[in-house]
């Protein structure tokens, strides 16, 4: 039986609440003021949450977990709206609020997992917390939490997989495998990474078994939805192949000035910490680069595939958040430029009565 100390639970709760606070406030403005008429994605997921699959793009039609959770949260909210704001009860506001709450809670969970992962890589707790701040203050966190989207669950899947590969947690890896295909179909590109780097948690044969179970569940959901809308499996295959057409567009965009700005916008000025980490002696760089190793390099390759096939470079690039958070935390922990952040190197307090030098 697992025994978790109370101080650890309190620390986890504190980190979770920190992550929730980072996301919920900025995302609220997005939730209230966003013009949904400009977004096919958000309109599609709102329809799925209402149980309406006809007319929804085949790319989004089968991503039902977050919309179903949002609908479950929205039902009691509708009862409150009916009493306080009758004109809103019949509108999309309860459902939009349901998405907002579910996505905020999921992204806060991502923050907690990233904190734990950074600590496992050797970052100090303070640096790990700042890594969470660097990731959850991204514009894509605001976008993901504030709108009726499913990206939060897919980012949670990436965070669980990255954590499992480092910690050896079988529960985290199995959860990642079971949730992945229902979050996004592109989980198929993450699966090989898990099979190789996740063996510390679950052997590859057992992983394959869980993937078969997960695929069977996903197939059952897809078959049920297809039966409702009169679609055929061939349509899904054709849709998957059609994403190859995005490659040329994505490459042109990537190697353009606008594309460079789009990539920089993923983590904003926090990205400059990576440049700072490359300064100094080779030994200083190796102290934070070496722990990352090939798992991070290959995960970046998986994310690159997502970026090129989707055509949405920055939004898919945000999936690298688990690796970025760890790298950021390790730089703050080990690089001499940030030694002043370590408790042992903090400047001493002035003696009582001593003059203050400005």
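In the numbering used here, the protein residues as written are 48 to 405. C-beta: ideal position from N, C-alpha, C; glycine also. This structure is a prediction, so every number in the text was calculated from the model and none was measured.
Hey, out of 58, 109, 103 and 79, whose CA is closest to residue 268's CA?
For the residues 58, 109, 103 and 79, the minimum Cα distance to residue 268 belongs to 109.
Taking the straight line between their C-alpha atoms, what separation do you get for residue 307 and residue 52?
Straight-line Cα distance between these residues: approximately 46 Å.
Mind the definition here: the region 149 to 162 touches the region 53 to 73 only if three or more C-beta pairs lie below 8 Å; say whether that holds.
The region 149 to 162 is in contact with the region 53 to 73.
Does DSSP put residue 325 in a helix, in a strand, or in coil?
Residue 325 falls in the coil class under three-state DSSP.
Between residue 400 and the rest of its own chain, which residues show a CB-CB distance below 7 Å, the 5 nearest in sequence each way excluded?
Residue placement at residue 400 is flagged as unreliable, the pLDDT there being 41, under the threshold of 50; a coordinate-derived value is accordingly withheld.
Could you tell me whether the region 92 to 109 touches the region 156 to 174, where touching means 3 or more Cβ pairs closer than 8 Å?
No, they do not touch.
If you reduce the DSSP assignment to three classes, tell me which class residue 48 lands in.
Only weak support exists for where residue 48 lies, its pLDDT of 41 falling under 50; the coordinates are left without a value.
Using 10 angstroms around the beta-carbon of residue 89, count the other beta-carbons present and answer buried if the total reaches 16, otherwise exposed.
Classification for residue 89: buried.
Within 10 Å of its beta-carbon, does residue 337 have 16 or more other beta-carbons around it, so buried, or fewer, so exposed?
That one is exposed.
Along the chain, which unbroken stretches of the beta strand (DSSP E) at least 3 residues long are found entirely within the region 169 to 242?
Within the region 169 to 242, no complete beta strand (DSSP E) run reaches 3 residues.
Could you compute how far the alpha carbon of residue 253 sits from the alpha carbon of residue 303?
Taking the straight line joining both Cα atoms gives about 44 Å.
Report yes if the C-beta distance between residue 373 and residue 240 is below 7 Å; otherwise report no.
Not closer than 7 Å, so no.
Is it a yes or a no for the region 178 to 191 touching the region 229 to 244, going by three-plus beta-carbon pairs under 8 Å?
Taking 8 Å as the limit for Cβ pairs, the verdict is that the region 229 to 244 does not touch the region 178 to 191.
With a threshold of 8 Å on Cβ separation, who are the neighbours of residue 246 within its own chain once the five nearest residues in sequence on each side are excluded?
Correct list, in chain order: 254.
Ignoring anything shorter than 4 residues or poking outside the region 96 to 165, list the alpha helix (DSSP H) runs there in chain order.
The qualifying runs are 112 to 131 and 133 to 136.
Mind reading off the beta-carbon distance from residue 197 to residue 113? Whole number of angstroms is fine, and I expect it under 8 Å.
Yes, residue 197 and residue 113 are in contact; Cβ-Cβ is about 4 Å, under 8 Å.
Beta-carbon within less than 7 Å of residue 116's beta-carbon, same chain only, minus the 5 sequence neighbours each way: which residues are those?
Within the same chain, residue 116 has close Cβ partners 149.
Using the three-state DSSP reduction, which class does residue 395 fall into: helix, strand or coil?
Reliability of the predicted coordinates at residue 395 is poor, the pLDDT of 46 falling under 50, and the value obtained from them is presented with this limitation in mind. Note: residue 395 maps to coil in three-state DSSP.
Less than 8 Å between C-beta atoms, sequence neighbours within five positions excluded: which residues of the same chain meet that for residue 327?
Hits under 8 Å: 382, 383 and 384.
For residue 75, collect the residues of the same chain with a Cβ closer than 8 Å to its Cβ; drop the 5 residues on either side in sequence, then sort them by chain order.
Contacts found: 147 and 193.
By a C-beta neighbour count over all protein chains shown, 10 Å radius and 16 as the cutoff for buried, is residue 251 buried or exposed?
Exposed.
Does the CB of residue 205 have a neighbour CB from chain B at under 7 Å?
No chain B appears in the structure shown, which is made up of a single protein chain.
Considering only the alpha carbon of each residue, which of 187, 93, 94 and 333 lies closest to residue 314?
For residue 314, the nearest C-alpha among the options comes from 187.
Since residue 257 and residue 212 are thought to touch, with beta carbons under 8 Å apart, how far apart are those beta carbons, to the nearest angstrom?
Not quite, the Cβ-Cβ distance comes to about 15 Å (not below 8 Å), so this is no contact.
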